[in-house]
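K.L.:
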Ligand code: PBE
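In the working numbering, the protein residues as written are 1 to 266.
1) For ligand 1, is there any heavy atom lying closer than 6 Å to the beta carbon of residue 204?
2) Just checking my contact of residue 203 with residue 100 at CB under 8 Å: how many whole Å lie between their CB atoms?
3) Let me check understanding here. Comparing Cα to Cα, which of 18, 3 and 210 lies closest to residue 237?
4) Tell me whether the beta-carbon of residue 206 lies closer than 7 Å to the beta-carbon of residue 63.
5) Determine the direct distance from the alpha carbon of residue 34 to that of residue 182, and round the result to whole angstroms.
6) Cα separation between residue 198 and residue 146?
7) Is the segment 74-92 in contact with the segment 161-180, if contact means three or more CB pairs nearer than 8 Å?
8) In three-state terms, what does DSSP make of residue 162?
9) Could you have a look at residue 237 and say whether DSSP puts it in helix, strand or coil?
10) Residue 208 by DSSP, collapsed to three states: which one?
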């Protein structure tokens, strides 16, 4: 009468890449025979952080720049300092999975050419441009407030769901949106990525954050998560995003294929 294995939980933010990485993280544990439930699309960054701190999830995929600027508010910290700040909260992080997913601003190429815009600083001369930004970016420490100040921008952006932003861009309803640099839509729509010429954005290496008590509860999952470090480069992540966003496959199926496990029943 062995006790049934305890269910472990991984969470994800509400955008495609986050869900794919959540599934990949879950699969790493499932391959060890563990029971892992993926709590998908729980919300934005702060919701996931709180869920990790209070133990409703054991791990989720995060980005180093987001951790430093938005969550720990240690903008100048290096990786060992971030690790130490996490440790004091009972949390840990893996090494980089192998890619940077930075914010950027983007436009349709034709529109950018017509206005002669190549760099973010070029936007200051076009106050009439319509800017649509993902809701979280609008208020984040590393988002619009700081960007606006650094580049002296005067536009008044609207907030929108990131997955819908590309439609507004295509229809011409919006001129400029924030991009995530591994988005599949950037090559697909041949978008013009504006150069961050004043180096506003930090590095956003993808990592898994986890609760340190996993060392006792599921050490094999922890090693498996750490084993994902260096395994996903930016081109690979963009291809996985493409399989979901452009080819309309499910995140679970795409992640299962990458992980080399059987795809779940649809
Ligand atoms: N990012 C860009 C954001 C969303 C995409 C990775 C910096 C984040 O989730 O923190």
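Idealized CB from N, CA, C, for every residue including glycine. Owing to the predicted nature of the structure, the values given are computational and were not obtained by experimental measurement.
P.N.:
Straight from the coordinates:
1) Checking the Cβ of residue 204 against ligand 1 gives yes.
2) Contact flag correct, Cβ pair sits at about 6 Å.
3) That would be 18, whose Cα lies nearest to the Cα of residue 237.
4) In this structure, residue 63 lies closer than 7 Å to residue 206 by Cβ.
5) Distance between the alpha carbons of residue 182 and residue 34: 30 Å.
6) Annotation: residue 198 to residue 146 spans about 12 Å, alpha carbon to alpha carbon.
7) The segment 74-92 is not in contact with the segment 161-180.
8) Reduced to three states, the DSSP call for residue 162 is helix.
9) If DSSP states are grouped into helix, strand and coil, residue 237 belongs with the helices.
10) Secondary structure of residue 208 (DSSP, three-state): strand.
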